[in-house]
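Residue numbers (the numbering used here): 13 to 150. Beta carbons: idealized from backbone N, C-alpha and C, even for Gly. Remember, it's a predicted structure, so these values are computed and weren't measured experimentally. In what follows, a structure is listed as structure tokens, so that the remarks can point back to it.
Spelled out as structure tokens, the structure:
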């Protein structure tokens, strides 16, 4: 499996997975966003994604897998209207501090990632995650 190998993309259709693994109890897991085969194609550039979002509700399927197992859908992301530059600059997503209680970063990059996001928070003066999301279970 090429689960941990970054590969170049020429378009937005495909699998976007984490290089870093996570732990849930004793299991090591990887997370991914997969192109939804029932949603509109996202195209090859940001302009195509924006156009798709204006006419439809493009989706990505959120999935989880072990190191060698198949991806299992656990949710979805719907792509909405493009944010203004001001709205985009105000976002502060933090995947280190905002994990579900039973999930934690694992592997050799976990400590480095924690330090990097901590430094980013301090530099921006951010104390909480901004933005919002709604959850949909698949």
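Looking at residue 29: is its Cβ nearer than 8 Å to the Cβ of residue 41?
Here the question's residue 29 lines up with position 17 in the chain shown. Here the question's residue 41 lines up with position 29 in the chain shown. No, they are not a contact pair.
For the putative contact between residue 54 and residue 60, defined by C-beta atoms under 8 Å, what is the C-beta separation to the nearest angstrom?
Here residue 54 refers to the residue found at position 42 when the chain shown is read from its first residue. Here residue 60 refers to the residue found at position 48 when the chain shown is read from its first residue. The Cβ separation is near 7 Å, so the contact holds.
Hey, how far is the Cα of residue 100 from the Cα of residue 131?
Taking the chain shown and counting its residues from 1, one reaches residue 100 at position 88. Taking the chain shown and counting its residues from 1, one reaches residue 131 at position 119. If you draw a straight line from the Cα of residue 100 to the Cα of residue 131, it is about 20 Å long.
Check residue 78 in the structure and name its three-state DSSP category.
Here residue 78 corresponds to residue number 66 of the chain shown, with the count starting at 1. Residue state for residue 78 is assigned as coil, using DSSP reduced to three classes.
DSSP three-state assignment for residue 127, whether helix, strand or coil:
By one-based count along the chain shown, residue 127 stands at place 115. When secondary structure is reduced to three states using DSSP, residue 127 falls in the helix class.
With a cut-off of 8 Å on the beta carbons, I'd call residue 72 and residue 89 a contact; round off their distance for me.
As a position in the chain shown, residue 72 is number 60, starting the count at 1. As a position in the chain shown, residue 89 is number 77, starting the count at 1. The C-beta separation of residue 72 from residue 89 comes to about 5 Å, placing the pair in contact by the 8 Å criterion.
Tell me, please, which residues DSSP counts as bridged to residue 72.
Taking the first residue of the chain shown as 1, we reach residue 72 at position 60. Beta-bridge pairing links residue 72 to 47 and 89.
When burial is assigned at 16 or more other CB atoms within 10 Å of the CB, is residue 58 buried or exposed?
Your numbering for residue 58 matches position 46 in the chain shown. Around the beta carbon of residue 58, fewer than 16 other beta carbons lie within 10 angstroms, which makes this residue exposed.
Same chain, Cβ closer than 8 Å to residue 34, five either side skipped, listed in chain order:
Along the chain shown, read from residue 1 onward, the residue named residue 34 stands at position 22. These residues qualify, in order along the chain: 40, 41, 42, 43, 111, 115, 116, 117 and 118.
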